[in-house]
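Going by this note's numbering, 706 is the number at position 116 of the sequence shown; the sequence numbering is gapless.
Every residue, glycine too, gets a C-beta built ideally from N, C-alpha and C.
Okay, structure first, notes after.
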Amino acid sequence: MAGKNEGADFLLYVGGEHAQGVLDGAPVLFWPELWGLRALLYVWDDSAIAAVIHSLNDPAWRVREMGARVIAARGLPAVVELTQTLADGVPRVRVAAARALGAVGSPEDMDSLRKLLKDPMVEVRRGAQQGLDTLRDRFR
Numbered sequence: 591m592a593g594k595n596e597g598a599d600f601l602l603y604v605g606g607e608h609a610q611g612v613l614d615g616a617p618v619l620f621w622p623e624l625w626g627l628r629a630l631l632y633v634w635d636d637s638a639i640a641a642v643i644h645s646l647n648d649p650a651w652r653v654r655e656m657g658a659r660v661i662a663a664r665g666l667p668a669v670v671e672l673t674q675t676l677a678d679g680v681p682r683v684r685v686a687a688a689r690a691l692g693a694v695g696s697p698e699d700m701d702s703l704r705k706l707l708k709d710p711m712v713e714v715r716r717g718a719q720q721g722l723d724t725l726r727d728r729f730r
């Protein structure tokens with residue numbers, strides 16, 4: 591995620607058979623970053639916090655989406671960044687950001703989520719409602 595190469599064995603472990611294509615010279619695109627983030631759903635070290643939060647700015651939407659998922663799963667302090675990500679141009683990223691904000695935000699963040707209830711994409715509206723429900727449940 592930080593642009594460092596952790597080696598072929600690690601890449602094969604987190605990327606499976608598809609990683610072999612990257613190792614054989616296929617275009618890298620965003621896959622190693624995505625696989626690295628996904629691995630952080632299962633294995634964690636606090637040294638990854640800054641890189642995970644920074645992933646919300648990645649040019650690849652799949653990386654931004656997974657970054658939001660990791661933030662939610664790990665309870666990372668990224669309310670400001672998630673609030674900005676609610677305006678992402680990709681609906682799946684907005685959904686992930688809304689769910690993550692529900693997981694790490696506070697009642698003050700409900701207004702930001704409520705705005706998404708009017709999003710033109712039904713899946714974004716659902717994600718916003720899920721985020722609101724999670725926030726309410728956390729602060730009951």
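For Val685, count the other beta carbons within 10 Å of its own beta carbon; 16 or more makes it buried, fewer makes it exposed. Which is it? Buried, because 16 or more other Cβ atoms sit within 10 Å of the Cβ of Val685.
If you draw a straight line from the alpha carbon of Trp651 to that of Pro681, how long is it in whole angstroms? Answer to the nearest angstrom: the Cα atoms are 10 Å apart.
With Lys705 as the anchor, note down where its alpha helix (DSSP H) starts and where it stops. First-last of the alpha helix (DSSP H) with Lys705: 700 to 705.
Counting along the chain, where does the alpha helix (DSSP H) carrying Val669 start and finish? 669 to 675 is the extent of the alpha helix (DSSP H) around Val669.
Taking 7 Å as the cut-off, is the CB of Phe620 close to at least one heavy atom of the ligand SAM? Of ligands this structure carries none, so the ligand SAM is not represented either.
Put Asp636 into one of helix, strand or coil per three-state DSSP. Asp636 sits in a helix when the DSSP states are folded into three classes.
Counted within 10 angstroms of its Cβ, other Cβ atoms place Val670 as buried (16 or more) or exposed: It is exposed - the Cβ of Val670 has fewer than 16 other Cβ atoms within 10 Å.
Between which two residues does the alpha helix (DSSP H) containing Arg689 stretch? 681 to 694 is the extent of the alpha helix (DSSP H) around Arg689.
So is Glu655 buried or exposed if we call it buried at 16+ other beta carbons inside 10 Å? Classification for Glu655: buried.
Report the residue from Lys708, Leu703, Met711, Pro710 whose alpha carbon sits nearest the alpha carbon of Gln720. Out of Lys708, Leu703, Met711, Pro710, Leu703 has the C-alpha closest to the C-alpha of Gln720.
Per-residue burial, Ser645 [other beta carbons within 10 Å of its own, 16 or more giving buried]: Classified as buried, Ser645 has 16 or more neighbouring CB atoms from the shown chains inside 10 Å of its CB.
Span of the alpha helix (DSSP H) around Leu602: Its alpha helix (DSSP H) spans residues 598 to 605.
Near His608, which residues of its chain fall below 8 Å by C-beta distance, leaving aside the five closest residues on each side in sequence? Same-chain partners within the cutoff: Trp621.
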